[in-house]
Amino acid sequence: MKPTSFLVGLAALVGLASAECPGGCSGNGVCGPRDMCYCFKNYAGNDCAQRVCPFGFAHIDTPKGDLNMDRNQKTTGWILDQSQVYPYKTYEWFNPDAKTDEAHFYMECSNMGICDRATGICGCFPGFEGSACQRAQCANNCNGRGVCKSISEIAATADANGKLTGNPGGQVATKYNLWDATVGHSCVCDPWFTGGDCSRRNCKVGVDPLYMAAGFPVLETFIIYTGIVPASTHLDPVNSWYRLRVFDNYGAGYLTDRIPIYATADGAKAVEAIENAFLNIPNDVFSSIDCEL
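Residue numbers (mature numbering (1 follows the signal peptide of the UniProt record, and there is no 0)): -19 to -1, 1 to 274.
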């Protein structure tokens, strides 16, 4: 009986010596030395049951608290190397490698939301959106009367005077390369609408009735430069054409139908074709057109 008792006691000791990680790491990690869970990517917690939310550039940098639980919230230097949330270390008080005027470091939910550890989805604060709360929302979604664009997109469509225009010919290559180039957003309103959320209407534009012209009427004039096609050039009456696009004070563009190119030095046909093309634009945009050679 003695050998049997010895074997039973040994089996009991082996059972006590072999422990298990919390919750079997929830199937989201590997149980490692010291009965610690080593979580797979995007999972965290003692039992790997919590999700890690997306990171983005912080709208506002803030301390992260006492992460290493040493009762000091202002620990200097890097800490928590190889942790689940911060696999490449992090800091509590400020970034030790930060340069002068450097800021907006990566933070969970871009520091403008709260991470739902059950789903890994950021609950963004009012006014922010995106998987990591990385974007500022446009007011009232522009009320369906405009397009929400980032600062960099708006800067790229400004003209030489810094104003938004629908005329591509007046645009300049303006680049906005600051940290919030894709963070800040604003409404670019459709023609006839204005305001921060495009909820207001623009009034019509006209000449001041008290304006005194110096003997010349005030007209909206377009100058079109044309040339004479050499007689040796064969013009296909079907495929030889051009179109004109003009823009109003509100940036709205109006495109004519095809205007034929005539193989003649007589410009009368060309003038008539241009006049008809503008008059045929729908909704009576141009009520009267007068073309001159």
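We treat Cβ as the ideally placed atom computed from N, Cα and C, and that holds for glycine.
- The shortest C-alpha to C-alpha distance from residue 109 to any of 81, 78, 163 and 7 is the one to 163.
- About 6 Å separates the beta carbons of residue 24 and residue 32, which is inside the 8 Å limit, making them a contact pair.
- Here DSSP, grouped into helix, strand and coil, assigns residue 241 to strand.
- Here residue 4 has 28 as same chain residues with Cβ atoms under 6 Å from its own Cβ, once five neighbours each way along the sequence are excluded.
- Per DSSP, the beta-bridge partners of residue 128 are 169.
- In this structure, residue 119 lies near residue 168, with their beta-carbon atoms less than 7 Å apart.
- For residue 73, the closest of 183, 50 and 170 by C-alpha to C-alpha distance is 50.
- Between the alpha carbons of residue 262 and residue 128 lies a gap of roughly 25 Å.
- As computed with DSSP, residue 89 is found in a beta bridge with 36.
- Per DSSP, residue 259 lies in no beta strand (DSSP E) segment; the continuous alpha helix (DSSP H) that holds it begins and ends at 249 to 260.
- Residue environment: residue 43 is assigned as exposed (fewer than 16 neighbouring CB atoms within 10 Å of its CB, all protein chains considered).
- In terms of CA proximity to residue 113, 97 leads the group 97, 122 and 123.
- Per the coordinates, the alpha-carbon of residue 157 lies some 13 Å from the alpha-carbon of residue 166.
- In terms of CA proximity to residue 88, 35 leads the group 138, 131 and 35.
- Cβ neighbours of residue 177 within its own chain (closer than 8 Å, five residues either side excluded): 120, 167 and 168.
- Rounded to whole angstroms, residue 38 and residue 131 show a C-alpha spacing of 15 Å.
- The three-state secondary structure of residue 16, taken from DSSP, is helix.
- For the set 81, 82 and 116, the Cα lying nearest the Cα of residue 94 is the one of 116.
- Assigned with DSSP and collapsed to three states, residue 177 falls in coil, not helix or strand.
- DSSP places residue 71 inside the beta strand (DSSP E), whose first and last residues are 69 to 71.
- Listed as beta-bridge partners of residue 236 by DSSP are 226.
- According to DSSP, residue pairing for residue 25 in a beta bridge involves 31.
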